[in-house]
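Chains as they are written, first to last, in my numbering: chain E, 1 to 611; chain C, 1001 to 1102.
Every residue gets a Cβ at the ideal spot worked out from N, C-alpha and C, and that includes glycine.
Only a predicted model underlies this, so the values are computations on that prediction, with no experimental measurement involved.
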Amino acid sequence: MKAIELLGWVPLFPFLGFLILVLAGERLSKPLIAWVGVGSVAASALLVALIGVEFLNGTMEPYRLVLGSWMEVDDLSIPVGFYLDALSVTMLFVVTGVGFLIHVYAAGFMEDDLGYARFFAYMNLFVSAMLVLVLADNLVLLYLGWEGVGLGSYLLIGFWYEDPNNGYAARKAFVMTRVGDTALLVGLFLLFTQLHTFDIQLLMLRATSQWTSGSLLPVAAAALLLGGALGKSAQLPLQSWLPDAMAGPTPVSALIHAATMVTAGVYLIARTHALFIMAPSVQFVVAVMGATTLLMAGCSALVQTDIKRILAYSTISQIGYMFLALGVGAWSSAIFHLLTHAFFKALLFLAAGAVIFCFHHEHNIFKMGGLRKAMPLAFWSFVIGSAALSALPFTSGFYSKHEILLAVFDASPGLWTAGCLGAIITGIYSFRLVFVVFFGRECPGIKARVGWQMSVPLILLGALALLGGMLKIPLDSVFPVVFNHDHTFDLVSVITVLAPFVGLLIAVLFYLTGTFSAQRLAGYGLANQLRIFCFNGWGIDALYGAFVVRPFKAIAKLNKNDAVDGIYVAIALLSRVGYSRVSASQTGRIRWYASSVALGAVVIIAIGWLS
Amino acid sequence: MNGIPMEHGLLLSAVLFVLGLVGVLVRRNLIMILMSLEVMLNATGLAFIVAGARWGEADGQIMFLLILTLAAAEVGVGLGLALQIFRRFHTLDADSLNGMKG
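Structure, rendered in structure tokens:
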């Protein structure tokens, strides 16, 4: 029996784990909970490893597995079908591999938490939904996974529900992504009504053969799918939920809001790339959105003081790079960056989690300092992660980002400039974080105690972040090759390589040697205004507050008594009045009844007489 | 039998019927109401007899026998009820017996 035939078990293992944990729950002992929670993902990861090796050594022909029928109505038939090609294999590796390491880490990180079983139940549910998302062969099953990860994200952001702020953050994430999801759903309906199928491969085939490039239908469909992707991947204009989503436990931020769920939008666009090729204008919008987002989020990351918010903005910015790559048609580079980003951003989040864990849940980086000696493992993880994040040569991030920027230059030098500027900013904020937290004056009061569950994933992810660039997932079987980079040693390539070093240098001057002071720079009026502006994420939240939330609240207040409800109140009133009138005629006097019978008889006879 | 025209018979029956009805509607004593009902029943019975005589059919008289039986049963039940009502409420005033008011 070939391992690939067991594909259906990949999402099923975590789902079984979820069922066990949710049903047996806190009755299980803590080690058992960890074994079930981590073990289910480990089983998936192992299976994915077997399947992946078999697939990559084979012919790499797409493999399709239909487990059964989900719904059959007339000519609509939606199977529970999984589709395995190089793209889904890559995503499977990311989700189960990185997911497994994060689960191991979480077993240590969440040890003292009361909701241990609940936490792993949610995590397993999330992993299961994410696997369905990347394996689905039709858009409806994909949408099921898409909403499943949204649910998992909601549950885990609000995991510490005693604090109402966490609940607000969870609801914000849920509602904002739902805006995008609605667009995606409408897109699904549009595709089905026009092309009469939900099967992704068939859909792409029919789209390319039945529609003309650049006409209204593909543009509308692609734009609607893009709406879903923007919401899920926290891109402009729906990005402001992600920084608040940091309210969840750190392993959640690493798994959902760095490595897997937020890249679902990138996956969706890559999966339906044929449609986006048919709609060049939308594809250009993807690139512009990506470039704008990466710059805006980078600027916001520069001025944050919360260690997790810095990483959150950096995630938004890196996904911006992926969108930029998708927008210029460098599909495989985008997925490659997704892969390396999953490694180094999970590493950074987990290392940040270790710092927070050992620092009594302190998030403000300016209250930390000099942790280099006390926490060497976190320090080196951060150095490797930041180097990969800012794409210093020979780290994993370098390979992917370099590829993206060269491809972007071929498409549009203007966007390339934005990308390089973003690379400089990335260098500044990532090393600002390292220098502020790990260098400088040493802060006392560390309870340095990191168990093996937390250190082993850090070491493994560190190795992946460093060497992940050597991985070559052959995505050419999935995507059309658009670019052949011949910039081996020209100026563009050199500038692209040097950009992060400029950022590193600036960070050194500001935060390590103290040659310049950020405080003094921010002292001037305009600069301070700019800092506050960036700190608040470019006022996007205020904008939504003014244009969406406040009008909504005003309308709600206006309609406090519910106009529609008035109809039902009127019906109730009518029957009550009618009741009192009719019951008044029920006098209980026999003569009254007799006279009404007589009167009725007279009336009926009169009617009979007259007609 | 042909001395009296049918119209006279029917007119008498109608007058009796209206008298009975008025009795039912205006009297408050249950016994009087029952008596008025008897008058109304007999008025209809008379109408049947007159009609039967007019066409020379026995049907009218058969209907009268039916009504007679009905009236006997009605009086039996009605008087029984009146007796029970008087025992329980110590009155036969139909207007004050309005416990079924809605």
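* Measure the alpha-carbon distance for E:M454 versus E:R171 and round it to whole angstroms. => Straight-line Cα distance between these residues: approximately 30 Å.
* So, are the CB atoms of E:T96 and E:I335 less than 8 Å apart? -> Against a cut-off of 8 Å, the Cβ pair of E:I335 and E:T96 comes out as no contact.
* **Limits of the unbroken beta strand (DSSP E) element including E:S69** => 63 to 73 is the extent of the beta strand (DSSP E) around E:S69.
* Taking the alpha helix (DSSP H) that E:F366 falls in, what are its first and last residues? -> No alpha helix (DSSP H) holds E:F366; DSSP gives it neither H nor E.
* With E:A351 and E:S381 assumed to form a contact (beta carbons below 8 Å), what rounded beta-carbon distance in angstroms separates them? -> Yes, E:A351 and E:S381 are in contact; Cβ-Cβ is about 4 Å, under 8 Å.
* Contact set between E:R591 and chain C, taken where Cβ atoms lie within less than 9 Å -> Result: V1024, L1025, V1026, R1027, R1028, I1033, A1094, D1095.
* **Chain-ordered neighbours of E:G578 on chain C, where CB pairs are closer than 7 Å** => By Cβ distance, chain C contributes nothing, its closest Cβ being about 13 Å from E:G578, past 7 Å.
* Listed by chain order, chain C residues near E:S595 by CB distance under 8 Å -> Going along chain C in sequence order, the residues near E:S595 (Cβ under 8 Å) are L1025.
* To do: Output yes or no for whether 8 Å exceeds the beta carbon distance between E:I256 and E:T293.
  => Taking 8 Å as the cut-off, the Cβ atoms of E:I256 and E:T293 do not count as close.
* So, E:G419 versus E:Y321, is the Cβ gap smaller than 8 Å? -> Result yes, Cβ atoms of E:G419 and E:Y321 sit closer than 8 Å.
* E:A598 at chain C interface by Cβ criterion, 8 Å -> So yes, E:A598 belongs to the interface.
* Asked: If you pair each beta-carbon of the region 422 to 431 of chain E with each one of the region 289 to 305 of chain E, do three or more pairs fall below 8 Å?
  -> At 8 Å Cβ cutoff, the stretches touch.
* In terms of DSSP beta bridges, what is E:Y83 paired with? -> Assignment of beta-bridge partners to E:Y83 by DSSP yields E:R64.
* Closest by CA to E:V478, which one among E:A49, E:A3, E:D75, E:L84? -> Among E:A49, E:A3, E:D75, E:L84, the Cα nearest to that of E:V478 belongs to E:L84.
* **Cβ separation of E:A169 and E:A245, assumed to be a contact under 8 Å, to the nearest whole Å** => Right, their Cβ atoms sit about 6 Å apart.
* Boundaries (first-last residue) of the alpha helix (DSSP H) holding E:Q239 -> Here E:Q239 belongs to no alpha helix (DSSP H), and DSSP marks it neither H nor E.
* In three-state DSSP terms, what is E:S77? -> It is a strand residue.
* **C-beta neighbour in chain E for C:M1100, strict 8 Å** => It does: the Cβ of C:M1100 has a partner Cβ on chain E nearer than 8 Å.
* **Contact belief for E:F501 with E:F510 at Cβ below 8 Å, rounded distance in angstroms** => About 15 Å separates the two Cβ atoms, so there is no contact after all.
* **Nearest-angstrom Cα separation, counted from E:I356 out to E:Y63** => Each residue's Cα considered, the two are about 44 Å apart.
* E:M103 lies in the alpha helix (DSSP H); which residues open and close that run? -> One point to set straight first is that residue 103 of chain E is His, not Met, in the sequence displayed. Looking at the DSSP string, the run of the alpha helix (DSSP H) that includes E:H103 is 99 to 109.
* Asked: Is there at least one Cβ from chain E nearer than 8 Å to C:L1079's Cβ?
  -> No, no contact with chain E.
* Simplified DSSP state of E:D541, which is helix, strand or coil -> It is helical.
* Less than 8 Å separating the beta-carbons of E:F614 and E:G468? -> In this structure chain E extends from 1 to 611, so residue 614 of chain E is not present and cannot be described.
* Three CB pairs or more closer than 8 Å across the region 392 to 402 of chain E and the region 259 to 269 of chain E -> Touching, no, given that fewer than three Cβ pairs across the two stretches are closer than 8 Å.
* Mind checking which residues open and close the alpha helix (DSSP H) that includes E:K480? => Looking at the sequence itself, residue 480 of chain E is Pro, so the reference to Lys does not match. For E:P480, no alpha helix (DSSP H) run applies, since DSSP gives it neither H nor E.
* Who does E:N138 pair with in a DSSP beta bridge? -> The partner list for E:N138 (beta bridge, DSSP) reads E:D199.
* **Cross-strand partners of C:N968 (DSSP beta bridge)** => Chain C is shown only over 1001 to 1102; residue 968 of chain C falls outside these bounds and no answer can be derived.
* To do: Could you tell me which chain E residues have their CB closer than 7 Å to the CB of C:L1021, listed as they occur along the chain?
  => What C:L1021 touches in chain E: A598.
* Asked: Whose Cβ in chain C lies nearer than 9 Å to the Cβ of E:G588?
  -> Think of a sphere of 9 Å around the beta carbon of E:G588: the chain C residues whose beta carbon falls inside it are L1097, N1098, G1099, M1100, K1101, G1102, in chain order.
* Going by the beta-carbon positions, is the gap between E:L202 and E:A221 smaller than 8 Å? -> Not closer than 8 Å, so no.
* Go through its chain and collect everything with a Cβ distance to E:K30's Cβ below 7 Å, but skip five positions before and after it. => So the qualifying residues of the chain are Y116.
* **Beta-carbon separation (whole angstroms), E:N138 vs E:G81, contact threshold 8 Å** => Beta-carbon to beta-carbon, E:N138 and E:G81 are separated by about 6 Å, close enough to satisfy the 8 Å threshold.
* To do: Go ahead and label E:W609 buried or exposed: buried means 16 or more other beta carbons lie within 10 angstroms of its beta carbon, across all protein chains shown.
  => Around the beta carbon of E:W609, a 10 Å sphere encloses fewer than 16 other beta carbons of the protein chains shown; the residue is thus reported as exposed.
* To do: Indicate whether E:V437 and E:G369 have their beta-carbon atoms separated by less than 8 Å.
  => Annotated as proximal: E:V437 and E:G369, with beta-carbon spacing under 8 Å.
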